[in-house]
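Undergrad:
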């Protein structure tokens, strides 16, 4: 006679745990399919709350006392949203534990942005019908997976790519910091810190004098610029480059638009920034010609999202501040660690203006016709971004009426575009102003991608058309 199996309390607890995990997985899958934007916001809100709690601990502060909530939350939001704005000195206020928590938040936040943006893209593709799925599959097959539903494969590719690039940058920086006289442990820590901060476009620095001590060291500046530029391209572009290298005829339209726009903006920013600041003695006016060129290139790359700086932002010419604001507003590539309205959004708007000026009915680029829906979404995202920034500027001026407008403008755009360049206004604001900047960083980090996704998911096909009538424009 076969003995009966007796269920122990441990077995029942194990089954309950398995059922709970299965229910949580099913709920997450339903949330991804039904409301990916809500899931994204929820994940980032929980992450911010978690890192705020850790940074509030006495062990995170050099004073041994809990960091005020406004400063701890500001730092957590800035790190997890990969911005780089600070209200307290990163090297002066935070202990090694605090800095470690910050850089973990940057790494997880940057990785989360890329993976969640990819999941949102896949969620959109499920709503577009057979034709939309085929188009989305064509784009995704050149990046991560030939099957849109393979989220696990997508995450593995994203994580492997991101970690590999950051490892190589960290290795280069560690060797250089060690060669400059730092101990191996300090050099290793600084190499990892700056590699993660740069690739994720966070802009945090781990030295008391920021980058001043190695502002002329090309062995540090160039790896930082490469890391920022690469991270700002976005993982779909990086994977296309890994697969097809520099065979441009094999690139998809997104890759071509992103790389072309990025290079044009880098060169344009390099020339304009350097030209305006060339004789400004407060910034680069007294430097040798070679250093002026390097400083201008560094500023052009960092302005769109990197957030690191070799000069004080308050010393910039007012015209340079305007150029900086514009470049920050544009930002980097889609599904990247960069912020702003994104390169492809700017490119689509610019191409639409050219098409209208030429009297062309459709927008054509690289032998392809852009759909009208893409233009509508680009306009909506840009208008939303401008509206949010305007609201933020108004609230900050309400909190600190004596703040110079150009400083408030730069700080607000820097927060929304998750750049990190600062006029030191963040540290001078009252708590209400700091919370406003937190809101700008949060909405800027998630707003454009979630808003664009929401618009795409809400698209419906109408079976009728109303009579057309043109209002007067302009």
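In my numbering, the protein residues as written are 16 to 489.
Quick reminder that beta carbons are idealized off the backbone N, C-alpha and C, glycines included.
Hey, out of 231, 259, 331 and 213, whose CA is closest to residue 437's CA?
TA: The shortest CA-to-CA distance from residue 437 to any of 231, 259, 331 and 213 is the one to 331.
Undergrad: Residue 257 to residue 265, Cα distance in whole Å?
TA: 12 Å
Undergrad: Beta-carbon separation of residue 249 and residue 348 under 7 Å?
TA: yes
Undergrad: Assuming residue 373 is part of the alpha helix (DSSP H), what are its boundary residues?
TA: 358–373
Undergrad: If I'm right that residue 322 touches residue 217 with Cβ under 8 Å, what's the distance once you round it to whole angstroms?
TA: 7 Å
Undergrad: Can you have a look at residue 294 and say buried or exposed, based on whether 16 or more other CB atoms are within 10 angstroms of its CB?
TA: exposed
Undergrad: Please determine whether the Cβ atom of residue 242 lies at a distance below 6 Å from any heavy atom of the ligand GTP.
TA: As presented, the structure is devoid of all ligands, the ligand GTP included, so that no description of it is given.
Undergrad: On the CB-based measure, 16 or more other CB atoms within 10 Å of its CB, does residue 422 come out buried or exposed?
TA: Buried is the label assigned to residue 422, since at least 16 other Cβ atoms lie within 10 Å of its Cβ.
Undergrad: Can you tell me the Cα-Cα spacing of residue 193 and residue 199, whole angstroms?
TA: 6 Å
Undergrad: For residue 379, which beta-bridge partners are listed by DSSP?
TA: 384
Undergrad: Quick one: residues in its chain with C-beta nearer than 6 Å to the C-beta of residue 460, no 5 flanking neighbours on either side, listed in chain order?
TA: Hits under 6 Å: 96 and 433.
Undergrad: If residue 414 sits next to residue 360, beta carbons under 8 Å apart, how far is it from one beta carbon to the other, in whole angstroms?
TA: With a Cβ gap of about 30 Å, residue 414 and residue 360 do not count as contacting.
Undergrad: For residue 489, I'd like the list of residues in its chain whose CB is within less than 6 Å of its CB, leaving aside the five on either flank, ordered along the chain.
TA: Around residue 489: no qualifying Cβ.
Undergrad: Going straight from the alpha carbon of residue 242 to that of residue 384, what length do you get?
TA: Between residue 242 and residue 384, the C-alpha separation is close to 33 Å.
Undergrad: Where does residue 76 sit, in a helix, a strand or coil, going by DSSP?
TA: The DSSP-derived three-state label of residue 76 is strand.
Undergrad: Here's the rule I'm using: 16 or more other beta-carbon atoms within 10 Å means buried, otherwise exposed. How should residue 227 be labelled?
TA: exposed
Undergrad: Restricting to runs no shorter than 4 residues, where is the alpha helix (DSSP H) found entirely within the segment 231–284?
TA: 233–248 and 250–259
Undergrad: Mind checking whether residue 247 and residue 315 have CB atoms under 7 Å apart?
TA: no
Undergrad: Considering Cα atoms alone, identify which of 205, 180 and 365 is closest to residue 191.
TA: 205
Undergrad: Could you give the distance in angstroms between the alpha-carbon of residue 177 and the alpha-carbon of residue 221?
TA: 21 Å
Undergrad: For residue 79, which residues from the same chain have a beta carbon less than 7 Å from its beta carbon, with the 5 sequence-adjacent residues on both sides left out?
TA: 73
Undergrad: Which residue or residues does DSSP assign as beta-bridge partners of residue 109?
TA: Bridge pairing for residue 109: 76 [DSSP].
Undergrad: Identify whether residue 198 lies in helix, strand or coil by the three-state DSSP scheme.
TA: Residue 198 falls in the coil class under three-state DSSP.
Undergrad: Ordered along the chain, which non-local residues of its own chain (more than five positions away) have a Cβ less than 6 Å from that of residue 445?
TA: 414
Undergrad: For residue 57 and residue 63, what's the separation of their Cα atoms in angstroms?
TA: 10 Å
Undergrad: Specify whether the segment 207–215 and the segment 305–314 touch according to this definition: at least 3 beta carbon pairs, one from each stretch, less than 8 Å apart.
TA: no
Undergrad: Could you pull the start and end residues of the alpha helix (DSSP H) that residue 424 belongs to?
TA: In this chain, the alpha helix (DSSP H) harbouring residue 424 covers 420–431.
Undergrad: Taking the alpha-carbon of residue 276 as reference, which of 380, 402 and 112 has the nearest alpha-carbon?
TA: 380
Undergrad: Does DSSP classify residue 94 as helix, strand or coil?
TA: helix
Undergrad: Between residue 114 and residue 225, what straight-line distance do the alpha-carbon atoms span, to the nearest angstrom?
TA: 14 Å
Undergrad: Where does residue 219 sit, in a helix, a strand or coil, going by DSSP?
TA: coil
Undergrad: What number of angstroms, rounded off, separates the C-alpha of residue 326 from the C-alpha of residue 296?
TA: 11 Å
Undergrad: For residue 449, which of helix, strand or coil comes out of DSSP?
TA: Look at residue 449 here: in three-state DSSP terms it is helix.
Undergrad: Please look up how many angstroms separate the CB atoms of residue 462 and residue 411, rounded, as I've assumed it's under 8 Å.
TA: Not really, about 18 Å apart at Cβ, beyond 8 Å.
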